[in-house]
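Residue numbers (full-length UniProt numbering), protein chains in the order written: chain A, 1 to 367; chain B, 1 to 245.
Take a look at the structure below.
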Amino acid sequence: MTSLIDRRMGIFLAGLFVLTVAVPIGNLAFEGKVVPSYIVSLLGKYLCYALLAVALDLVWGFCGILSLGHGAFFALGGYAMGMHLMREIGDRGVYANPDLPDFMVFLSWDQLPWFWMGFDNFWFASLMVMLVPGALAFLFGWFAFRSRVTGVYLSIITQAMTYALQLAFFRNEMGFGGNNGLTDFKDVLGFPLQSDATRAGLFVCTAIALAAGLLIARAITTSKLGMILVCIRDAESRTRFMGYRVEGYKLFIFVVSAMMAGVAGALYTPQVGIINPGEFSPANSIEIVIWVALGGRGTLVGAALGAILVALAKTLFTGWFPEFWLFALGGLFILVTLFLPKGVLGLIEDTFARKKKPAPALQEAKA
Amino acid sequence: MSVHLLLDGVSRSFDGYKAINDLSLAVDKGELRAVIGPNGAGKTTMMDIITGKTRPDSGGVWWNQTVDLTRIDEAGSARLGIGRKFQKPTVFETHSVEENIALSLKAERSVLATLFHRQTAAEAARITELLELVRLEGDRHRPAADLSHGQKQWLEIGMLLAQDPELLLVDEPAAGMTDAETMRTAELLRSLAGKHTVIVVEHDMDFVRALDCRVTVLHQGHVLTEGSLDHVSANPEVIEVYLGR
């Protein structure tokens, strides 16, 4: 059987560990002179994206479900955490209303809607971070997979799902802050969000979540269940004739993936300081697919790497030539599709393999 | 002998075209049966109906005279003990030969059972046994994609046997095999009869002769005649629709 931590996973986790130790120390011990505070939050955001990419790789890379709506699960997780952070503000809002968030006072609501109940409690909110995206994925998957909707049709309805949610969340009547979303957060579990120590703490939490997400994903994909997922990806009908109920397997991995995306979103909100309906936009979900394709589909580590690389490129590019970012992203995607079928990770691994075994001709002669 | 599989007046049409037309067929437990017929005779649709992939418009399909096969899906039929080998060999290309067999082994098929599954010594021994039977022992760690067409046929037969089905539906197993391999396949299928019920769909007459069993001739979704190969080949109708062409 394949081991849980193979070479690529080991190297990635080691790198992540070094980052997790070095970044907070570089920030806190030198009062932001070595690693500026904004970099800490920026890197934290990248790691959230990486976790989201791992979640998508689970369903797309291993089970062949090309979800173009994974941003929705991410955003729902983000909103669930955002709702808790809104409740944490208490009477420190602009209107100083101890019972209602500012936007509800502004809309002249006189009481908290029922679906905001319980979000005062951090642990309840943390549970919802996984349960809400998980429940949506279950409901959606139950109908889609049982009706045997596959391929491009499934991709289109996932896209429609996230778009519908975006439109719904734009409406003020929904009770999630409408266009502006949720923002102006003060603290989490009593730690002020503006302080460097809290930011460093959130960064470390995100790194741990990413490592845990990678290990869970790896454990699933190396199990017998993981091998069946690949069977479904490669020959779905054949898998059914072997006695496996394909819809059950798809539903399982879709729900796990949605929950993972929800956690990524929950970690994203406090580090970015805002969650709004823009996160549901279909373009966001498509970008996740690009991360995974670019990094290397079906490799988990590659997906995480792809997310980080693209996010980094986006930060740099939008700083240098803001108008050209989308062209650069599109170009990058075309280049990878044409020349790097195994993604960046595949390129790196092939390069190393070639260095180790200098003569490929010799290898062929041996075989 | 009890009837293992019974098709009773089954009909199915696609857009007005009657692929299966009042088809009745009874196969006894442990019997080896060959089904022949020209292209478009409805052989594949018949298999689709037996395995729950396609629902008949009318008629009944009975398993062990008690279970209604028209009410179950593909996975359900596999769980009852119906194993199917496809005309075009479909193996899982990215998995190794050994893994292909391991995934086919008779075992609990639920999501949780497979998530926490650990391979037992008995399973490992069974895998090796099957690999030796289909002569792929030396290729066990290669990806299935690397196998030749004939080897893939054998791997798929191994996967079918791994499921340990009560009924084997085998669609053109000899396609792409050498003459020697074809004979070996016939021998293997003959040896399975008795313990398993086997239905073989085939075009190759030498292969059918080697199976040495009762033959059903299908034509336009209907049974034309049934009997020994010599008996059916002497039938003028059969000669006209099939052998004569």
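Glycine residues also receive a C-beta, built at the ideal position from the N, C-alpha and C atoms.
Contact check, residue i vs residue j under 8 Å by CB: the rounded distance?
i: A:Cys63; j: A:Lys250; result: 6 Å
i: B:Ala210; j: B:Ala186; result: 4 Å
i: A:Val35; j: A:Val21; result: In fact, because the Cβ distance is near 12 Å, the residues do not count as touching under 8 Å.
i: A:Leu193; j: A:Pro270; result: 6 Å
i: A:Ala261; j: A:Phe74; result: 5 Å
i: B:Leu23; j: B:His222; result: 6 Å
i: residue 246 of chain B; j: B:Val170; result: Shown here, chain B extends from 1 to 245; a query on residue 246 of chain B therefore has no answer.
i: residue 401 of chain A; j: A:Ala258; result: Nothing about residue 401 of chain A can be read from this structure; chain A reaches only from 1 to 367.
i: A:Trp291; j: A:Tyr95; result: Actually they do not touch by this definition, with Cβ atoms about 40 Å apart.
i: A:Ala125; j: A:His70; result: Not a contact, Cβ separation roughly 21 Å.
i: A:Leu68; j: A:Thr150; result: Contact doesn't hold; Cβ gap of about 14 Å is too wide.
i: B:Gln87; j: B:Ala175; result: 7 Å
i: A:Phe12; j: A:Val301; result: 5 Å
i: B:Val111; j: A:Gly248; result: 5 Å
i: B:Ser191; j: B:Arg142; result: With a Cβ gap of about 27 Å, B:Ser191 and B:Arg142 do not count as contacting.
i: A:Val230; j: A:Gly296; result: Not really, about 15 Å apart at Cβ, beyond 8 Å.
Determine whether the Cβ of residue i lies closer than 7 Å to any Cβ atom of chain B.
i: A:Pro360; result: For A:Pro360, the pLDDT reaches just 46, beneath the cut-off of 50, and the residue's location in the model is therefore unreliable, leaving the point undetermined.
i: A:Phe62; result: no
i: A:Phe252; result: yes
i: A:Ala353; result: no
At a Cβ threshold of 7 Å, is residue i touching chain A?
i: B:Ala175; result: no
i: B:Thr44; result: no
i: B:Phe92; result: yes
i: B:Arg84; result: yes
i: B:Ala34; result: no
i: B:Ser58; result: no
i: B:Leu189; result: no
i: B:Arg109; result: yes
i: residue 260 of chain B; result: Outside the displayed range of chain B (1 to 245) lies residue 260 of chain B, so it cannot be described from this structure.
i: B:Leu5; result: no
i: B:Val241; result: no
i: B:Gly9; result: no
Report yes if the C-beta of residue i is less than 6 Å from at least one heavy atom of the ligand FAD; otherwise report no.
i: B:Ser13; result: Only the bare structure without any ligand can be found here, which leaves the ligand FAD out of the picture.
Q. Which runs of the alpha helix (DSSP H) fall wholly inside the stretch 284-309 of chain A and span at least 4 residues, in chain order?
A. none
Q. Are at least three pairs of beta-carbons, each pair with one atom in the stretch 221-239 of chain A and one in the stretch 70-84 of chain A, less than 8 Å apart?
A. no
Q | Interfacial residues, the stretch 211-235 of chain A to chain B, with Cβ spacing under 8 Å | A | Ile220, Ser223, Lys224, Leu225, Met227, Ile228, Val230, Cys231, Asp234, Ala235
Q | Near-chain B residues of the stretch 238-249 of chain A (beta-carbon distance less than 7 Å), N- to C-terminal order | A | Arg238, Arg240, Phe241, Met242, Gly243, Tyr244, Arg245, Gly248, Tyr249
Q. Going along the chain, which residues of the stretch 111-124 of chain B sit with their C-beta nearer than 9 Å to a C-beta in chain A?
A. Val111, Leu112, Ala113, Thr114, Leu115, Phe116, His117, Arg118, Gln119
Q. Is the stretch 215-226 of chain A touching the stretch 67-76 of chain B, taking contact as three or more C-beta pairs under 8 Å?
A. no
Q) Name the residues in the stretch 146-175 of chain B whose C-beta lies less than 8 Å from a C-beta of chain A; which are they? A) Those residues of the stretch 146-175 of chain B that come within reach of chain A (Cβ to Cβ, closer than 8 Å) are Met159, Gln163.
Q: Tell me, please, whether the stretch 49-67 of chain A touches the stretch 93-105 of chain A by the rule of three or more beta-carbon pairs shorter than 8 Å.
A: no
(Q) Using a Cβ-Cβ cutoff of 9 Å, what residues of the stretch 65-79 of chain B are near chain A? List them in chain order. (A) Asp73, Glu74, Ala75, Gly76, Ser77, Ala78, Arg79
Q) Three or more C-beta pairs closer than 8 Å, one from the stretch 196-208 of chain A and one from the stretch 35-44 of chain A: is that the case here? A) yes
Q) Along the chain, which unbroken stretches of the beta strand (DSSP E) at least 3 residues long are found entirely within the stretch 52-79 of chain B? A) 58-63
Q.
Count Cβ pairs between the stretch 126-141 of chain B and the stretch 94-109 of chain B that sit closer than 8 Å; are there 3 or more?
A. Of all C-beta pairs linking the stretch 126-141 of chain B to the stretch 94-109 of chain B, three or more are shorter than 8 Å, placing the two stretches in contact.
Q: Specify whether the stretch 10-17 of chain B and the stretch 58-65 of chain B touch according to this definition: at least 3 beta carbon pairs, one from each stretch, less than 8 Å apart.
A: Flag = yes, the stretch 10-17 of chain B and the stretch 58-65 of chain B touch.
Q. Enumerated in chain order, which unbroken segments of the beta strand (DSSP E) with a length of 3 residues or greater are wholly contained in the stretch 186-242 of chain B?
A. 197-201, 214-219, 222-227
(Q) Quick check: the stretch 30-38 of chain B against the stretch 192-200 of chain B, are at least 3 beta-carbon pairs closer than 8 Å? (A) By the Cβ test, the stretch 192-200 of chain B is in contact with the stretch 30-38 of chain B, since at least three Cβ pairs between them sit closer than 8 Å.
**Q.** 3 or more residues per run - each beta strand (DSSP E) lying fully within the stretch 79-133 of chain B
**A.** 82-85
Q) Looking at C-beta atoms only, is the number of pairs between the stretch 87-98 of chain B and the stretch 155-167 of chain B that lie closer than 8 Å three or more? A) yes
Q | Complete beta strand (DSSP E) runs within the stretch 4-39 of chain B (minimum length 3 residues, chain order) | A | 17-28, 32-36
Q.
Extract the residue ranges of the alpha helix (DSSP H) inside the stretch 86-119 of chain A, only unbroken runs of 4 or more that lie entirely within it.
A. 102-106
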